[in-house]
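>
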Amino acid sequence: MYRIGIDLGGTFIKGGIVRNKTDIIYKTKIETPQSHTPGDTCEAINELVTMLRNNLATGPDECELIGIGSPGSVDAGDGIVMYSNNFGWERPVKLAEAISIPQNLPVKISNDANCAALGECLANNLDKGTYIVITLGTGVGSGIITDGRIYEGAHPGAIEMGHMMIRYGKRKCTCGMRGCFESYCSATGLIKTAVKNLKKGSGLYNAYKEKGQLDGKMITDLVRAGDNNAKKVFDRYLTDLGTGLTCICNVFRPDAVLLGGGVCESFDLMDDFLNDFVRNNIFGRENGFVPVIKKATTGNDAGIIGAANLAGDL
Ligand SMILES: [Zn+2]
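Residues 171 to 484 (our numbering) make up the sequence shown, in order.
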């Protein structure tokens, strides 16, 4: 038997056929309808699922379950997306039902960051113990995996570590609050910090003037090249990131924290700083267990793998 994992994103809906927990035997993607309405989005997911099922060599009936990772606040138990900022869904959308009925299969859903976290752990055989997976992208995604299962919290909207306040009343976040971890530690946050702290004549300043914008890689390339302005910005970024990670480690004291997302392509510039920072600032310091901060390695497939494993063992 096989499962289908769907990773619902704002630009693409990615889907894969998954066997033996982590083997993606076929994957494809379609564009997300730009209306982003629940009706159009569910229709597109159904189209993609049908395409995937028709691709199974043994026939569409060999599929036992469909799992979907969706952005927003998800009621995993009832299969409902309560609210999605990215999709403009203000009212609850019965996503599981909208796929389950036409496909005549069980459908499980969870938040997309939870699915990516589960996929990351399963792909690395981390199915025993407690792991926190954090993705530093346009926003900051987070998930808690305990013994190979997602911890959903008591109510939808839990495990949003990106919206921990690390600087009360400061920089505005996309969620409407201020001072969130995400507003400083996402790739977008790093770029914002750089643009606010340009020093005339520096490599960073010149790069910004030349291109009219900055991206994460331009900043880390300049850190490597020894540009002082870029180094100061990146140190500020790492201090904010270390602060958030220390808070997370003080609450959960996990076996490890896995960091993913575009910024972590430069994890070699982050590794020592972050691990030293957490070791020096965690409650009890070295008298207790100090979780290691590591780089996540599974990349874009993690969401599909995690979604396919939402209902447990294959
Ligand atoms: Zn926020």
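Every residue, glycine too, gets a C-beta built ideally from N, C-alpha and C.
1) Within a Cβ cutoff of 8 Å, which residues of the same chain sit near SER240, ignoring the five residues on either side of it in sequence?
2) Whose beta carbon lies closer than 7 Å to any heavy atom of ligand 1, going through the chain in order?
3) With respect to the beta strand (DSSP E) encompassing TYR492, which residues constitute its N-terminal and C-terminal limits?
4) If I measure Cβ to Cβ from LEU499 and keep anything under 8 Å in the same chain, skipping five residues before and after, which residues do I get?
5) Do you know offhand how far LEU235's Cα is from ARG394's?
6) How long is the line joining the alpha carbons of GLY318 and ALA328, rounded to whole angstroms?
7) Which class does THR181 belong to by DSSP, given the choice of helix, strand or coil?
8) For THR192, I'd like the list of residues in its chain whose CB is within less than 7 Å of its CB, leaving aside the five on either flank, ordered along the chain.
9) Is the beta carbon of VAL403 less than 8 Å from the beta carbon of ALA357?
10) Taking CYS434 as the reference, which of PHE453, ILE320, LYS465, ILE418 has the closest Cα?
11) Going by other Cβ atoms of all chains shown within 10 Å of its Cβ, with 16 needed for buried, is ARG455 buried or exposed?
12) Decide if the segment 302-314 is in contact with the segment 267-275; the criterion is three or more beta carbon pairs, one per stretch, under 8 Å apart.
13) From which residue to which residue does the beta strand (DSSP E) around GLY237 run?
14) Rounded to whole angstroms, how far is the Cβ of ASP410 from the Cβ of TYR354, which I believe are closer than 8 Å?
15) Do LEU368 and LEU392 have their CB atoms nearer than 8 Å?
16) Considering only C-alpha positions, which residue in the set VAL421, GLY175, ASN450 is nearest to CYS233?
17) Could you spell out the range, first to last residue, of the beta strand (DSSP E) harbouring VAL489?
18) Classify ALA481 as helix, strand or coil using the three-state DSSP reduction.
19) Taking ALA227 as the reference, give the member of GLY349, MET171, ILE238 with the closest Cα.
20) Under the rule that 16 or more other beta-carbon atoms within 10 Å means buried, what is ARG261, buried or exposed?
21) For a minimum of 3 consecutive residues, which ranges assigned as the beta strand (DSSP E) are wholly contained in the segment 393-460?
22) Which residue from GLY414, VAL421, ASN420 puts its Cα closest to that of LEU429?
23) In this structure, how does DSSP classify THR305 when only helix, strand and coil are distinguished?
24) What do you reckon, are the CB atoms on ILE315 and ALA287 nearer than 8 Å?
25) Tell me, which residues are paired with ASP245 by DSSP?
26) Quick one: residues in its chain with C-beta nearer than 8 Å to the C-beta of GLY242, no 5 flanking neighbours on either side, listed in chain order?
27) Would you grab the beta carbon distance between MET331 and GLY349 for me? Rounded to a whole angstrom, and I think it's under 8 Å.
28) If you drop the 5 nearest sequence neighbours on each side, which residues of the same chain put their C-beta closer than 8 Å to that of ARG449?
This is what the structure gives:
1) The answer, listed in chain order, is LEU178, VAL251, SER254, LEU265, ILE279, SER280, ASN281, ASP282.
2) Cβ-based neighbours of ligand 1 within the cut-off: GLY332, HIS333, CYS343, THR344, CYS345, MET347, CYS350, GLU352, SER353.
3) The chain is shown from 171 up to 484; residue 492 falls before or after that span and cannot be answered.
4) Residue 499 lies beyond the range of the chain shown here (171 to 484); nothing can be said about it.
5) So the alpha carbons of these two residues sit roughly 46 Å apart.
6) The C-alpha of GLY318 lies about 18 Å from the C-alpha of ALA328.
7) Note: THR181 maps to coil in three-state DSSP.
8) When the five nearest sequence neighbours on each side are left out, the beta carbons in the same chain lying within less than 7 Å of the beta carbon of THR192 are those of LEU292, ALA293, ILE475, in order along the chain.
9) The Cβ atoms of VAL403 and ALA357 do not sit closer than 8 Å to each other.
10) CYS434 has its Cα closest to that of LYS465, out of PHE453, ILE320, LYS465, ILE418.
11) So ARG455 counts as exposed.
12) Result no; under three Cβ-Cβ pairs closer than 8 Å.
13) Per DSSP, GLY237 belongs to the beta strand (DSSP E) from 233-240.
14) That belief holds up - the Cβ atoms of ASP410 and TYR354 are roughly 4 Å apart, short of 8 Å.
15) Cβ distance not < 8 Å, so LEU368 and LEU392 don't count as in contact.
16) Minimum Cα distance to CYS233 is reached at GLY175.
17) Here the chain has residues from 171 to 484 only, and residue 489 is not among them.
18) If DSSP states are grouped into helix, strand and coil, ALA481 belongs with coil.
19) It is MET171.
20) Residue burial is scored here from C-beta neighbours: ARG261 has fewer than 16 other C-beta atoms within 10 angstroms and is therefore classed as exposed.
21) Qualifying beta strand (DSSP E) stretches, in chain order: 426-430.
22) It is GLY414 whose Cα lies nearest to the Cα of LEU429.
23) The answer is strand: DSSP assigns THR305 an E or B state.
24) Yes, these two residues count as a Cβ contact at 8 Å.
25) Note: ASP245 sits in a beta bridge opposite ILE250.
26) VAL251, MET252, TYR253, SER254, ASN255, ASN256, PHE257, TRP259, ASN281.
27) So it is not a contact: roughly 14 Å between Cβ atoms.
28) The answer, listed in chain order, is ARG455, GLU456, VAL460.
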